[in-house]
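Chains as they are written, first to last, in our numbering: chain A, 1 to 233; chain B, 1 to 233.
Number of protein chains: 2
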Amino acid sequence: MKNMIIASTSTVYGSDYLAYLLPEISILFKDADTVLFIPYARPSGISYDEYTRIVKNAFAKISKKVVGIHQFDNPKEALENAKAIFTGGGNTFELVNQLYKNDILSVLKKVLENGTPYLGTSAGGNICGVSMMTTNDMPIVYPPSFETLGCLPFNLNAHFIDAAQNSTHMGETRETRIKEFHVFNSTPVMGLREGSWLKVKGNSITLKGNLTARWFVPNKTPIEIESESEFAG
Amino acid sequence: MKNMIIASTSTVYGSDYLAYLLPEISILFKDADTVLFIPYARPSGISYDEYTRIVKNAFAKISKKVVGIHQFDNPKEALENAKAIFTGGGNTFELVNQLYKNDILSVLKKVLENGTPYLGTSAGGNICGVSMMTTNDMPIVYPPSFETLGCLPFNLNAHFIDAAQNSTHMGETRETRIKEFHVFNSTPVMGLREGSWLKVKGNSITLKGNLTARWFVPNKTPIEIESESEFAG
């Protein structure tokens with residue numbers, strides 16, 4: 001039975017890394033002393049060790065140890081033995097690339113479906129969708145596929161942001177990009193704003209946080225979903 | 001001898017499609033009655049025919065006819081016979097996908113190196129770089145490769161925009177994204193602001209328009225390049 005928190009962002013403005021989520025994480029990871037951390041997304045290109053240190057500092061506040069998956073000779077075994085798993089944000093292309101290179105995407109999916117508690121923020125949340133095709137990230141590496149875990153029956157757009165009013169910038173808005181996705185794909189997309197997260201318990205998916213989320217399906221006007229709304233997963 | 005205009009955007013704020021570039025395009029395409037248009041990038045997912053109509057209307061102002069490459073049974077021959085080529089903006093992933101699917105990337109490169117005048121805006125400019133790995137676009141389709149024309153010895157970041165001051169958004173800035181690219185790649189990147197374009201004549205590349213461009217190489221602080229600066233191509 002899936003037991004996951006999937007958050008738009010690790011950090012809300014003006015707050016410490018993961019701080020706004022720590023009460024929820026304490027509950028999610030209540031039966032784990034140690035969290036297995038997947039640092040592959042490397043925000044700003046920091047090393048796996050540096051990234052793991054940042055995560056260690058955050059989890060120390062709720063008395064959890066953290067170990068990086070890169071410290072194991074056998075990452076599949078590490079996933080199978082983990083009592084809690086966290087995938088941090090950064091670049092989704094490189095994250096997905098490394099999941100394929102290390103051949104652990106299917107093992108990760110299996111342990112999540114079997115109930116290992118999982119936290120994913122930003123890129124680490126994107127991979128829970130059907131594909132990574134609605135990421136905002138730059139394609140800095142070429143992964144073998146865009147297909148991801150499919151623990152959610154839709155795609156996520158993390159850090160979702162509404163079009164700026166009165167902008168003079170001619171680049172596409174987030175909404176236009178998702179509309180373009182739906183010319184080629186039928187998978188629904190949830191635009192998850194910073195400060196929102198999804199709580200997944202078995203086949204139930206609930207929108208948490210104070211904000212609404214934006215829901216996109218092909219050929220329909222997007223709608224706003226209220227916080228505490230529940231979906232079938 | 002290459003003869004190209006590569007622009008950050010087709011349209012500057014408050015102006016008509018291509019309007020700010022028409023004087024330059026008149027010179028670039030002076031020997032051509034008809035422009036071959038590559039509509040594959042499909043902004044907002046519009047059809048090839050719709051997109052071609054928009055381009056026709058713009059080029060009518062400088063008395064040029066426009067024909068879409070999708071109207072030809074043999075797109076390779078169309079490229080080889082063209083007196084002028086324009087690739088419009090939209091989604092770079094789909095543009096590159098179609099260039100590979102139609103197997104025309106190498107023919108396009110050949111005719112551009114042989115001197116067929118070329119205009120590329122936004123996505124149509126991105127493909128002139130070494131790879132499409134510094135696009136801002138969403139990966140809505142999975143192209144066979146991220147390698148592009150390499151008519152420039154660097155990559156472009158079109159619609160380049162500086163980090164907003166006082167933003168509360170936690171998504172990566174453009175500069176952070178390019179920094180992440182340089183963790184995995186050594187190709188220099190030019191951040192080309194809206195209203196800037198590159199004029200390529202043989203092996204000379206000149207920055208045009210009123211703005212500076214931002215130049216990124218690995219492990220160095222980015223610098224601003226003045227308008228009218230000339231590079232070796």
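Note that beta-carbon positions come from the ideal geometry of N, C-alpha and C, so glycine has one too.
Not a single CB atom of chain B sits nearer than 7 Å to the CB of arginine 53/A. Rounded to whole angstroms, the separation of the alpha carbons of lysine 109/B and asparagine 203/B is 15 Å.
For lysine 179/A, the neighbours in chain B by C-beta distance under 8 Å run, in chain order, Ser44, Gly45.
A Cβ-Cβ separation of about 6 Å places asparagine 3/A in contact with lysine 201/A under the 8 Å criterion. Within the DSSP bridge table, the entry for valine 189/A names Asn155/A, Phe216/A as partners.
DSSP, read as helix, strand or coil, puts valine 55/A in helix. CA-to-CA, the gap between phenylalanine 37/A and histidine 70/A works out to about 9 Å.
About 5 Å separates the Cβ atoms of tryptophan 197/A and lysine 208/A, confirming a contact at the 8 Å cut-off. Beta bridge pairing from DSSP links glycine 68/B with Phe37/B. Distances from the alpha-carbon of valine 189/A to those of Pro222/A, Lys65/A, Glu172/A put Pro222/A closest. Taking CB atoms only, phenylalanine 184/A has a neighbour in chain B less than 7 Å away. Residue pairing by DSSP puts threonine 87/A in a beta bridge opposite Ile38/A, Gly120/A. Nothing from the segment 65 to 81 of chain A brings a Cβ to less than 9 Å from some Cβ of chain B.
Following the DSSP letters along the chain, one finds serine 63/B in no alpha helix (DSSP H), marked with neither H nor E. Aspartate 103/B and methionine 1/B have their C-alpha atoms some 23 Å from each other. When CB distances to chain A are screened at a threshold of 7 Å, not a single residue of the segment 198 to 226 of chain B falls below it. Taking C-beta atoms as the reference points, serine 44/B and histidine 159/B fail to come closer than 7 Å. Interface residue (Cβ-Cβ distance to chain B less than 7 Å): methionine 133/A is classified as such. For isoleucine 140/B, the nearest CB of chain A lies under 7 Å from its own CB, placing it at the interface with that chain. When C-beta atoms of the segment 124 to 133 of chain A are compared with those of the segment 163 to 176 of chain B, fewer than three pairs fall below 8 Å, so the two segments do not count as touching. In this structure, leucine 119/A places its C-beta atom within 7 Å of the C-beta atom of phenylalanine 86/A.
Excluding its 5 nearest sequence neighbours in each direction, aspartate 33/A has C-beta neighbours in its own chain below 8 Å: Lys64, Lys65, Lys83, listed in chain order. Here leucine 99/B has Leu105 as same chain residues with Cβ atoms under 6 Å from its own Cβ, once five neighbours each way along the sequence are excluded. Counting along the chain, the unbroken beta strand (DSSP E) around isoleucine 223/A starts and ends at 223 to 225. Tyrosine 13/B belongs to the set of residues whose beta carbon lies under 7 Å from a beta carbon in chain A.
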